[in-house]
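Residues 98 to 190 in our numbering are what the sequence shown lists, from first letter to last. From the three backbone atoms N, C-alpha and C, an ideal C-beta is built for every residue, glycine too.
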Amino acid sequence: MVAAGILKLLLDLQAREGVAYLFITHDIATVRAIADRIAVMYQGEVVRYGAKSEVLAPPFDAYTDLLLSSVPELRLGWLEQVIATRRMESGGN
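Right under this line is the structure:
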């Protein structure tokens, strides 16, 4: 609740004052809610950069795909689907 209030305050300040923010986070839900542009970094290098609509749309590089698929969904069977997909991709059982 506190984090949501702080983010709302920052967005209000941004709209009123025209300022920009740099967020460094693994919280994809927050990124989706507040970002206009996104840079995905892996081992200190930018692997994907652009408008939110571009970065969050496929096709994904391997790390961006892993990062986005790590966000839990409120959908029955989500985790099982992720595990099965990763097993198929790795050739495992």
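| Query | Result |
| --- | --- |
| I need the boundaries of the beta strand (DSSP E) containing Gly147, first residue and last residue. | Glu142 to Ala148 |
| Just the C-alpha distance for Ala181 and Val168, rounded to the nearest angstrom, thanks. | 16 Å |
| What are the start and end residues of the alpha helix (DSSP H) that includes Ile129? | Note that residue 129 is Arg in the sequence shown, not Ile. Unbroken alpha helix (DSSP H) run through Arg129: Ile125 to Ile131. |
| Could you tell me the boundaries of the alpha helix (DSSP H) in which Val137 lies? | Note, Val137: premise wrong, no alpha helix (DSSP H); beta strand (DSSP E) at Arg134 to Tyr139. |
| Can you tell me where the alpha helix (DSSP H) with Ile103 in it begins and where it stops? | Val99 to Glu114 |
| Quick check: does the Cβ of Tyr160 come within less than 8 Å of any heavy atom belonging to the ligand FMN? | Looking for the ligand FMN in the displayed structure turns up nothing, as the structure carries no ligands at all. |
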